[in-house]
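When the sequence shown is numbered by the working numbering, its final residue is 252 and no position is left out of the sequence of numbers.
Idealized CB from N, CA, C, for every residue including glycine.
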Amino acid sequence: MKKGKELKVNCFKNYNVVYGSVNNKNPKALYINISAWAEPKNDSDINYNRIIRDMDKKIRQAIYNHLDASVINQFVKERTIIDFDIKESGVRFGKRSFTNCEITLYMKNEIPVNSEILRPDVDEIIQLIIESVFQESKYFKFYRKKN
């Protein structure tokens, strides 16, 4: 029996973005999933392991800074899970690699995912990650589809 709710965000042409909760009746946590296909911008010999770790760190730092600075914050900063995944072994120039970023935010109060109270906070976090990490990347260009 599926009790969750998932909403798709179509504001970004190069990214697949969804957010939702596992249990919509008692929503304790909310997840945001941003996925895309990353293609290296140049063919020089680069240590992508380091670049991927730096991107992961930028995502974490951006979210923690946002949760610290936010006045009307619906989420518990200390209970945030961030999973950024891009397989370093498959990254090479001219080939797109699947990139997935899943952010789990635990809520202070049980608010339904499709609530108008939650929407601005979620939109702000999604926009922050896409603009400050993905679009600012000097090493990757991101696409919605593989080809």
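What residue from the options has the CA that sits closest to residue i's CA?
| i | options | result |
| --- | --- | --- |
| residue 146 | 200, 250 and 122 | 200 |
| residue 139 | 190, 220, 244 and 217 | 190 |
| residue 131 | 155, 184, 213 and 239 | 213 |
| residue 234 | 178, 183, 187 and 151 | 187 |
| residue 113 | 227, 178 and 245 | 227 |
| residue 243 | 231, 222, 159 and 250 | 159 |
| residue 247 | 225, 206 and 220 | 206 |
| residue 133 | 232, 179, 174 and 175 | 179 |
| residue 196 | 240, 155, 175 and 125 | 155 |
| residue 225 | 161, 175 and 165 | 175 |
Using a threshold of 8 Å, state whether the C-beta atoms of residue i and residue j are closer than that.
| i | j | result |
| --- | --- | --- |
| residue 181 | residue 153 | no |
| residue 109 | residue 123 | no |
| residue 141 | residue 119 | yes |
| residue 148 | residue 198 | yes |
| residue 136 | residue 222 | no |
| residue 193 | residue 157 | yes |
Counting only the same chain and skipping the five closest in sequence on each side, list residues whose C-beta sits under 6 Å from that of residue i.
| i | result |
| --- | --- |
| residue 237 | 167 |
Who are the near neighbours of residue i in its chain, counting only those whose CB is closer than 8 Å to its CB and skipping five residues on each side?
| i | result |
| --- | --- |
| residue 163 | 237 and 238 |
Sorted by chain position, which residues of the same chain lie with C-beta nearer than 7 Å to residue i's C-beta, five sequence neighbours on each side aside?
| i | result |
| --- | --- |
| residue 170 | none |
| residue 129 | 108, 109, 110, 217 and 218 |
| residue 151 | 244 |
Pop quiz: residue i and residue j are said to be a contact at Cβ under 8 Å. What is the actual Cβ separation, rounded to whole angstroms?
| i | j | result |
| --- | --- | --- |
| residue 121 | residue 249 | 6 Å |
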